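Position one of the sequence shown corresponds to residue 366 (my numbering), numbered consecutively onward.
Note that beta-carbon positions come from the ideal geometry of N, C-alpha and C, so glycine has one too.
Just so we're clear, the structure is a prediction, and the values are computed from it rather than from any experiment.
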Amino acid sequence: MTVKEAYNYGVYFLSCNGVDEAEFKSLCLVCHLAGIKNSDYPLHLQDDIIMKRFADLLWRVKSGEPLQYVIGKWDFYESEFYVGKGVLIPRPETEELCDLAIKHIKGLGECVVYDLCAGSGCIGISVARACPNATVYMIEKSSDAMPYLLKNAQGIENARVICGDIKNTNDLKKADVVISNPPYIKSDDIANLQSEVLFEPQMALDGGKDGLDFYRIINDNWSGMMYENGHLFLEIGETQGKEVSELLTGFKDITVIKDLYGNDRIVTAVKKG
Ligand code: GLN
């Protein structure tokens, strides 16, 4: 079967089965199998595709598995990250968090940066790539996430992986910058999320009873780990701007920033003296 025939079949199969964005998903799957970028699709219409392999991927998408897991990698910021069951899929809102942090870190000299609850490492690794002056420590406790984090961090000289709980700060170096996209969904709300999200690890989503557990840990255990005037960059749930700002008692200059959809999404703050 050719790339073009496979694409057409994929669109037909996915739309008949009620899958949204059938064209985009079929294109991503075909190009993944053909080993080409989506934008190069028109140049490869007559290449061969093994139908059996394509059909397997289509079935996984039809059964509700997120496209990103089926493909096994996804673009984030300026590079590609391995993803799969065990890590959260990198999201465009998080790119904005990364971008803000990178702009700040580029203006510092040598510095120590932490990415707390690193997951796939998309934040920490993007920062490490963009800021050679920074040493970026990524802390993650999930053993399901660890293989992805380690693989994504391979070859990035200024990135370090720490397997552990963010509550434990013993023996760690002081931080100039702390970044985190921690789990922030209220435990009771998890069951009501979109069905594709339920394929993602609960541990990466569950922020405890009020969704704020990790922000409390960051304030209580990490403000003391930061140099005076060190910067904090947090992703938050869209309703959490006020609550998160209020609980960051170790910080000043607290600012809530909206994402591209106009929802509150980022909190930045500066460590109090
Ligand atoms: N930091 C990772 C991300 O932004 C994982 C976040 C998490 O596990 N809550 O995708």
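- Looking at the structure shown, is K506 part of a helix, part of a strand, or coil, going by DSSP? Reduced to three states, the DSSP call for K506 is coil.
- Under 8 Å by Cβ, that's how I've got E505 and C528 pegged, so tell me the actual separation to the nearest angstrom. Rounded, the Cβ-Cβ distance is 7 Å, consistent with contact.
- Item | Residues near Y513 by beta carbon distance below 7 Å, same chain, minus five either side | Cβ neighbours of Y513 within its own chain (closer than 7 Å, five residues either side excluded): Y447, V448, G449, G451, V452 and S485.
- Query: Can you tell me the Cα-Cα spacing of N557 and V426, whole angstroms?
  - Reply: Straight-line Cα distance between these residues: approximately 20 Å.
- Enclosing beta strand (DSSP E) for S444 [first to last residue]: Unbroken beta strand (DSSP E) run through S444: S444 to Y447.
- With a cut-off of 8 Å, do at least 3 Cβ pairs link the region 456 to 470 to the region 592 to 603? Put simply, the region 456 to 470 touches the region 592 to 603. At least three CB pairs are less than 8 Å apart.
- Query: Skipping 5 residues on each side, what residues in its chain have a beta carbon closer than 7 Å to that of V376?
  - Reply: So the list reads A387, E388 and S391, once near-sequence residues are dropped.
- Task: Measure the CB-CB distance between D385 and A399 and report whether it falls below 8 Å.
- Result: No. Outside cutoff.
- Task: Give a single yes or no on whether P512 has its beta carbon closer than 7 Å to a heavy atom of the ligand MG.
- Result: Absence of the ligand MG is noted for the structure shown, with the ligand GLN being the only ligands found.
- Under the rule that 16 or more other beta-carbon atoms within 10 Å means buried, what is K607, buried or exposed? By the neighbour-count rule (16 or more Cβ atoms within 10 Å), K607 is not buried but exposed.
- Item | Span of the beta strand (DSSP E) around C482 | It is not in any beta strand (DSSP E) - C482 carries neither H nor E in the DSSP assignment.
- Thinking just about the alpha-carbon of each residue, which of S428, R418 and H397 is nearest to the one in G383? Ranking S428, R418 and H397 by Cα distance to G383 puts S428 first.
- Query: Looking at C-alpha atoms only, which residue of V621, N535, I544 and G576 is the closest neighbour of N553?
  - Reply: Asn is not the amino acid found at residue 553; the sequence shown has Asp there. Among V621, N535, I544 and G576, the Cα nearest to that of D553 belongs to G576.
- Could you check if I436 is buried or exposed, using at least 16 other CB atoms within 10 Å of its CB as the buried criterion? Buried, by the Cβ-count rule.
- Can you tell me whether DSSP reads T633 as helix, strand or coil? DSSP, reduced to helix, strand and coil, places T633 within a strand of the structure shown.
- Message: Beta-carbon within less than 6 Å of L481's beta-carbon, same chain only, minus the 5 sequence neighbours each way: which residues are those?
- Response: Cβ within range, chain order: I504, I531 and S545.
- Message: Measuring only from the beta carbon, is S588 closer than 7 Å to any heavy atom that is part of the ligand GLN?
- Response: No.
- Message: Rounded to the nearest angstrom, what separates I522 and E430 at their Cα positions?
- Response: The amino acid occupying residue 522 in the given sequence is Glu; Ile does not appear at that position. Taking the straight line from one Cα to the other gives about 33 Å.
- Message: Considering Cα atoms alone, identify which of L612, V542 and K551 is closest to Y592.
- Response: Restricting attention to L612, V542 and K551, the CA atom closest to the CA of Y592 is found in V542.
- Span of the beta strand (DSSP E) holding M511? From DSSP, M511 is part of no beta strand (DSSP E) but of the alpha helix (DSSP H) over M511 to A518.
- Message: Buried or exposed for C476, going by 16 or more other Cβ atoms inside 10 Å?
- Response: The residue is buried, with at least 16 neighbouring Cβ atoms inside 10 Å.
- Message: So the candidates are G638, A483, V526 and M511; which of them puts its Cα closest to the Cα of D618?
- Response: Comparing alpha-carbon positions, the option among G638, A483, V526 and M511 lying closest to D618 turns out to be G638.
- Assuming A466 contacts V492 (C-beta within less than 8 Å), just tell me the rounded distance between them. Their Cβ separation, rounded to whole angstroms, is 6 Å, which keeps A466 and V492 in contact under 8 Å.
- Query: What do you get for N535, buried or exposed, if any count of 16 or more other CB atoms within 10 angstroms of its CB means buried?
  - Reply: With fewer than 16 neighbouring CB atoms inside 10 Å of its own CB, N535 falls in the exposed class.
- CA-to-CA distance, W424 to N533, given in whole angstroms: Taken atom to atom, the span from the alpha-carbon of N533 to that of W424 is near 42 Å.
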